[in-house]
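Encoded as structure tokens, the structure appears first; notes follow it.
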Amino acid sequence: MNTTKGTLRTTQEMKSQLNGLKLPIKILIGITFFLIALGGAVRAMDAGLACPDWPLCFGYVIPPYDLQVYYEFIHRAVAGFVGLAFLALTAFLIYKRDVVQKGAIVASVAGVAILIIQIIMGALTVIKLLHFSFVTLHLFFGMSFFGCLLWVYFELFSSTSQSRPIPRSFTAVLAVVFGALYIQIILGGLVSSNYAGVACEDFPLCNGSLLPEVNIFSAELGTRLVAFQAVHRVGAYILTFLIFALFRLTQKVKHEEWMTPEIKKISLYLLLLVLGQIGVGAVNVLFKVPPVVTVLHLAIAATLYGLMLRIFFLGARAKAQ
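Sequential numbering from 275 applies to the sequence shown in the working numbering.
Spelled out as structure tokens, the structure:
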């Protein structure tokens with residue numbers, strides 16, 4: 275009897291320790307979001323090679339002050355903090371695996387693997403002089419790492435009150451929209467890394483044409499850049515249509531227990547954000563890619579990603595119950 279009480283007390287204490295992680299993980303999520311935006315600022319301010327070596331900066335751990343240099347240096351320092359904090363979090367979750375959801379451990383271990391790849395991509399981005407492939411992969415893995423961190427939080431602290439599994443058809447819709455968002459983020463990375471932000475000088479037309487020549491394999495640089503920009507715009511329109519369809523679907527489903535208010539609310543936020551994102555993208559083009567707008571464009575993309583991951587998590591979790 276005493277043994278049972280002792281075991282129960284230990285379990286409650288361990289769960290209490292997990293609850294103590296809620297605020298630190300929220301802070302880590304916020305810092306990671308800031309890191310993504312800061313990466314966009316580094317790119318927008320042409321500071322990607324301000325530290326020409328890696329992992330040091332001009333041979334220093336802490337380089338002499340220069341504004342361009344410190345954009346990149348602070349980006350590296352924040353990334354280092356996030357990486358170490360996530361490693362500590364993963365180690366703690368594995369240590370407490372008896373009371374930690376399996377999904378949280380899987381997401382954290384996946385995050386560590388992605389973190390290692392991301393570090394390599396960051397180094398290659400500098401060593402290979404900002405080659406577009408490494409810059410784009412750096413964004414892709416950075417967003418994927420952010421997703422793993424969010425998934426850990428969702429697993430640890432989400433309510434389990436979903437009473438009915440979500441239909442497979444709705445889960446499939448979520449997967450399609452989430453996949454389209456991922457592709458659009460990659461396309462945005464290609465536009466940025468190829469300096470194609472002003473390849474189309476007007477909006478919504480592209481250099482006065484509704485349908486410009488699109489050939490990403492063209493030998494002519496200008497044609498390739500226009501192609502990257504045009505494909506990114508088409509991707510934005512497709513994504514907007516898909517998110518609008520998702521929103522309409524959530525509003526049409528009534529009197530179904532699986533269609534929770536949270537799902538309906540997130541779908542509305544997604545629609546408002548993607549419409550705002552198109553507006554920000556237009557401003558980016560018309561005002562020749564101002565750094566503040568570029569960073570805002572990336573921050574909205576990361577917010578869309580986080581919200582889409584949340585609604586996808588709700589679908590996947592309900593389906594698994």
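In this text, a Cβ means the ideal position worked out from N, Cα and C, and glycines have one as well.
Is DSSP giving S483 helix, strand or coil here?
Along the sequence shown, one-based indexing puts residue 483 at 209. Note: S483 maps to strand in three-state DSSP.
Is there contact between the region 451-467 and the region 401-420, where contact requires at least three CB pairs shorter than 8 Å?
A contact exists between the region 451-467 and the region 401-420.
Across the region 289-300 and the region 313-325, are there enough close Cβ pairs to call them in contact, namely three or more that are closer than 8 Å?
Touching, no, given that fewer than three Cβ pairs across the two stretches are closer than 8 Å.
Label Y345 either buried or exposed according to how many other C-beta atoms from any shown protein chain fall within 10 Å of its C-beta, with 16 as the threshold for buried.
In the sequence shown, counting from the first residue as 1, residue 345 sits at position 71. That one is buried.
My output table needs one value for Y579: the three-state DSSP class, helix, strand or coil.
For the purposes of this step, residue 579 is identified with residue 305 of the sequence shown, where counting begins at 1. Helix.
Can you tell me whether Y345 is helix, strand or coil according to DSSP?
In the sequence shown, residue 345 corresponds to position 71, counting from 1. Reduced to three states, the DSSP call for Y345 is helix.
Pairs of beta-carbons, one from the region 568-587 and one from the region 446-456, closer than 8 Å: are there three or more?
Yes, the region 568-587 touches the region 446-456.
Is the region 386-403 close to the region 538-552, with three or more CB pairs under 8 Å?
No contact exists between the region 386-403 and the region 538-552.
Just verifying my parser: in three-state terms, what is the DSSP assignment at C325?
Sequence index remark: in the sequence shown, residue 325 carries index 51 (1-based). C325 falls in the coil class under three-state DSSP.
Can you tell me whether V450 is buried or exposed, with buried defined as 16 or more other CB within 10 angstroms of its CB?
Counted from its first residue, the sequence shown places residue 450 at position 176. Exposed.
Looking at the unbroken alpha helix (DSSP H) that takes in G462, where does it start and where does it end?
Looking up residue 462 in the sequence shown gives position 188. It spans 442-467 - the alpha helix (DSSP H) in which G462 sits, taken as one unbroken run.
Do you know whose CA, among G377, T524, S382, F347, lies nearest L363's CA?
Within the sequence shown, numbered from 1, the residue matching residue 363 stands at position 89. Selected option, being the one with the closest Cα: S382.
So what does DSSP say about C216, is it helix, strand or coil?
The first residue shown for the chain is 275 and the last is 595, placing residue 216 beyond what the model contains.
Buried or exposed: which applies to R442, given that a residue is buried once 16 or more other Cβ atoms fall within 10 Å of its Cβ?
In the sequence shown, residue 442 corresponds to position 168, counting from 1. Classification for R442: exposed.
So, for L448: in the same chain, excluding its five sequence neighbours on each side, which residues have a beta-carbon less than 7 Å away from its beta-carbon?
For the purposes of this step, residue 448 is taken as residue 174 along the sequence shown, with counting starting at 1. Within the same chain, L448 has close Cβ partners I585, F586, G589.
Going by Cα to Cα distance, which pick from A576, P565, D340 is closest to V316?
The residue labelled residue 316 in the question sits at position 42 within the sequence shown. Comparing Cα positions, the closest option is P565.
Roughly how many whole angstroms lie between the Cα atoms of L367 and L542?
Within the sequence shown, the letter at position 93 stands for residue 367. Within the sequence shown, the letter at position 268 stands for residue 542. If I take the Cα positions, the gap works out to 34 Å.
One question on the structure: do A601 and V488 come within less than 8 Å of each other, judged by their Cβ atoms?
What the structure shows of the chain is the stretch from 275 to 595, and residue 601 is not part of that stretch, so it cannot be assessed.
Quick one: grab the DSSP three-state call for R591.
In the sequence shown, the residue the question calls residue 591 occupies position 317. Helix at R591.
For L423, which residues of its own chain have a beta-carbon under 7 Å away from its beta-carbon, when the five flanking residues on both sides are left out?
Numbered from 1 along the sequence shown, position 149 holds the residue referred to as residue 423. Cβ within range, chain order: L302, I303, T306, F360, G385.
Could you check if L341 is buried or exposed, using at least 16 other CB atoms within 10 Å of its CB as the buried criterion?
Translated into positions along the sequence shown, residue 341 becomes position 67. Answer is exposed; the Cβ neighbour count stays below 16.
Go ahead and label F515 buried or exposed: buried means 16 or more other beta carbons lie within 10 angstroms of its beta carbon, across all protein chains shown.
As a working note, residue 515 is residue 241 in the sequence shown. Exposed, since its Cβ has fewer than 16 Cβ neighbours within 10 Å.
Who are the Cβ neighbours of D327 in its own chain at under 8 Å, not counting the five residues just before and after it?
Counting from 1 along the sequence shown, the entry for residue 327 is found at position 53. Excluding positions up to five away in sequence, the list reads G333, V400.
Going straight from the alpha carbon of K526 to that of E429, what length do you get?
The count along the sequence shown starts at 1 and reaches residue 526 at position 252. The count along the sequence shown starts at 1 and reaches residue 429 at position 155. Roughly 28 Å between the two C-alpha positions.
V343 and L309: beta carbons closer than 8 Å?
Within the sequence shown, the letter at position 69 stands for residue 343. Within the sequence shown, the letter at position 35 stands for residue 309. Not closer than 8 Å, so no.
Suppose contacts are defined by Cβ-Cβ distances below 8 Å. Is T568 in contact with G314 by that definition?
Here the question's residue 568 lines up with position 294 in the sequence shown. Here the question's residue 314 lines up with position 40 in the sequence shown. Closer than 8 Å, so yes.
Could you check if Y511 is buried or exposed, using at least 16 other CB atoms within 10 Å of its CB as the buried criterion?
Sequence index remark: in the sequence shown, residue 511 carries index 237 (1-based). Exposed, since its Cβ has fewer than 16 Cβ neighbours within 10 Å.
Would DSSP call P337 helix, strand or coil?
For the purposes of this step, residue 337 is taken as the residue at position 63 of the sequence shown. The answer is coil: DSSP assigns P337 none of H, G, I, E or B.
Identify, in the order they occur along the chain, each residue of the same chain with its Cβ nearer than 6 Å to the Cβ of K539, setting aside the five sequence neighbours on each side.
Counting from 1 along the sequence shown, the entry for residue 539 is found at position 265. Excluding sequence neighbours, K539 sits near nothing in its chain.
On the criterion of 16 or more Cβ atoms from any shown chain inside 10 Å, does G354 qualify as buried, or is it exposed?
Mapped onto the sequence shown, residue 354 falls at position 80. Per the 10 Å Cβ criterion, exposed.
Compare the Cα-Cα distances from R522 to each of G357, L545, G496 and report the closest residue.
Position 248 of the sequence shown, counting from 1, holds the residue named residue 522. Per the Cα distances, L545.
Residues in the same chain with beta-carbon distance under 8 Å from S290, minus the five sequence neighbours each way, listed in chain order, please.
Counting from 1 along the sequence shown, the entry for residue 290 is found at position 16. None.
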